[in-house]
Amino acid sequence: MPRDLAAGMHDLSFATTEFVLPHTVLAEHNGTDIAKYHVGIGQRSMSVAAADEDIVTLGAAAAAPVIARHGADRIRTVVFATESSVDQAKSAGVYVHSLLGLPTATRVVELKQACYAATAGLQFALGLVHRDPAQQVLVIASDISKYEADSPGEATQGAAAVAMLIGSDPALMRVEEPSGLFTADVMDFWRPNYRDAALVDGQESVTAYLQAVAGTWKDYTERGGHPLEEFAAFCYHQPFTKMARKAHRHLLNTCGYDTDEERITRAVGQTTAYNEVVGNSYTASVYLALAALLDQADDLGGRSVGFLSYGSGSVAEFFAGTVVPGYREHLRTGAHREAVDRRRPLDHAAYRALHARSFPADGGDHPTPEQTTGPFRLAALRGHKRVYERR
Ligand code: HMG
């Protein structure tokens, strides 16, 4: 029998970038039939970070409304999950801690395992809350996805941050035990320290993801998880939204069901609205799927939702959550729609200029152009130090 942990997600907020590149612009530039993007991979646009935006400013923008609503008195741990880290030693979470004015009596750490790390952060947070139910943990997932220009991966870029407040007696979703786990050493997608853009074997990555779906589900059911029929919906990691459909089809086949497009739409159809316009936000993606589901679905109070978190390389986890009755009063639907709608569209030349940007490594003073209009900005790299500003 699945066991309710009486702890879980108390708040969920996401932020995305200043700019957006519609896939129509990319298709016009590279001569691709737009149907390949809109239908073939299920993407309509992708968020593009401004010159004065990074995972820290996005993470702070996602978390600020959570702190504004709940205060920081109970938060003693901040977990920052990312695979687009800006420093090999210092956690990006320490900058966010400073920008949000959190108390000094806080532990802050950065976690990495490709797109999976936020789920590790969530599970570690539940352990801390179990140890002391008075404490809350702020889990931030923030990423900017970048592939080589003109590569097949280019159309699957994106960026966003999610902030989740994890605690006892949660307002949105209780997380359950067991989880189904899967790890396999595969080179489907990786980014060596000396590269800005990820390397990827696209078809291998899709195969590796599907193997992880079957692997986590096997472990989940062996440990007494819910049968497939008991789930109201499934939130998958969505590098592109068609992947959620591929993954669910694979899960149905693994469980001995025929492929049924309507059944797939019922399971994942309300989870893709944010990811199809934001693009791949790596660690944040599966929780953007949850935000879309909660913001759009009819009342899910008391229902089970399945989560498949996948991180290339690879580590994956399948787990279940129970939506808390009354959760709709605590949603941020208006703010989420505004985060997506406020982005300013780029033309192709402006997108490519941003794509090509990187800071010189000479230790000089490198101010950034003021492009953002949000609450936080990366003002400069000065003497190898990142300088952030709060508006
Ligand atoms: P590609 O070679 O550009 O595209 O690669 P394709 O030829 O495979 O076509 C894609 C789909 O579009 C196909 O559908 C085509 O049939 C269809 P499918 O067979 O897959 O159902 N298509 C069309 N449909 C309608 N009208 C048309 C048309 N033309 C073609 N005219 C690929 C696509 C996703 C592989 C590439 O963009 C890529 O390499 N992306 C990056 C890797 C990636 O996202 N992998 C996903 C799994 S791994 C993962 O999720 C982890 C990750 O998030 C990283 C992490 O964990 O940190 C990436």
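For the sequence shown, the numbering used here gives the first residue as 9, with consecutive numbering after it. Here a beta-carbon is modelled for each residue, glycine too, at the ideal position from N, C-alpha and C. Since this is a predicted model, take the numbers as computed values, not measurements.
Annotated three-state conformation of residue 277 is coil, per DSSP. Residue 238 sits in a helix when the DSSP states are folded into three classes. Shown here for residue 209: same chain residues with a beta carbon closer than 6 angstroms to its own, the five before and five after excluded, namely 196 in chain order. Shown here, residue 349 sits in a helix according to DSSP, grouped into three states.
With respect to the C-alpha of residue 16, the residue from 341, 370, 133, 187 having the closest C-alpha is 133. Annotation for residue 213 indicates a beta carbon within 7 angstroms of some heavy atom of the ligand HMG. Taking the CA atoms as reference points, residue 363 sits about 8 angstroms from residue 157. Secondary-structure assignment with DSSP links residue 215 through no beta bridge to anything. Exclusion of residue 178 from the 7 angstroms shell around the ligand HMG follows from its C-beta lying no nearer than that to any non-hydrogen atom of the ligand. Non-local C-beta neighbours of residue 107 in its own chain, meaning closer than 7 angstroms and more than five positions away in sequence, comprise 68, 384, 396, 398, ordered along the chain. Under the criterion of beta carbons closer than 8 angstroms, residue 299 and residue 344 qualify as touching, at roughly 6 angstroms. In this structure, residue 292 lies near residue 168, with their beta-carbon atoms less than 8 angstroms apart. Judged by pairs of C-beta atoms under 8 angstroms, the segment 281-297 does not touch the segment 176-185, as fewer than three such pairs exist.
Proximity to residue 144 across 150, 135, 152 peaks at 135, based on C-alpha coordinates. Sixteen is the threshold: since fewer than 16 other Cβ atoms of the shown chains lie within 10 Å of the Cβ of residue 47, the residue is exposed.
Shown here for residue 304: same chain residues with a beta carbon closer than 7 angstroms to its own, the five before and five after excluded, namely 278, 281 in chain order.
Nearest neighbour of residue 34 by Cα position, chosen from 159, 199, 79, turns out to be 159. Listed as beta-bridge partners of residue 153 by DSSP are 166. If one requires a minimum length of 3 residues, the beta strand (DSSP E) runs lying completely within the segment 44-93 are 53-56, 83-89, in chain order. Comparing alpha carbon positions, the residue from 192, 28, 380, 214 closest to residue 325 is 192.
Residue pairing by DSSP places residue 198 opposite 207 in a beta bridge.
Between residue 19 and the set 178, 65, 111, the nearest pair of CA atoms involves 178. When the five nearest sequence neighbours on each side are left out, the beta carbons in the same chain lying within less than 7 angstroms of the beta carbon of residue 285 are those of 52, 53, 348, in order along the chain.
Contact check for residue 173 against residue 74 passes: the beta carbons are separated by less than 8 angstroms. One Cα belongs to residue 76, the other to residue 215, and the distance between them is close to 42 angstroms. Taking C-beta separations shorter than 6 angstroms and ignoring five residues to either side along the sequence, the partners of residue 83 in its chain run 144, 146, following chain order. Inter-residue distance for residue 238 and residue 204 is about 42 angstroms (C-alpha atoms, whole angstroms).
In the three-state reduction of the DSSP assignment, residue 308 falls in the coil class. If you ignore the 5 residues before and after residue 318, its C-beta comes within less than 7 angstroms of the C-beta of 123, 124, 217, 220, 245, 324, all in its own chain and listed in chain order. Counting along the chain, residue 124 sits inside no alpha helix (DSSP H), nor does DSSP assign it H or E at all.
Annotation for residue 195 indicates a beta carbon at 7 angstroms or more from all heavy atoms of the ligand HMG.
In this structure residue 275 is in contact with residue 241, their Cβ atoms being roughly 6 angstroms apart against a cut-off of 8 angstroms. DSSP, reduced to helix, strand and coil, places residue 368 outside both helices and strands of the structure shown, so it counts as coil. Residue 204 has its CB no nearer than 7 angstroms to any heavy atom of the ligand HMG. Nearest C-alpha to residue 329 among 40, 311, 394, 335: 311. Around the beta-carbon of residue 247, 16 or more other beta-carbon atoms lie within 10 Å, marking it buried.
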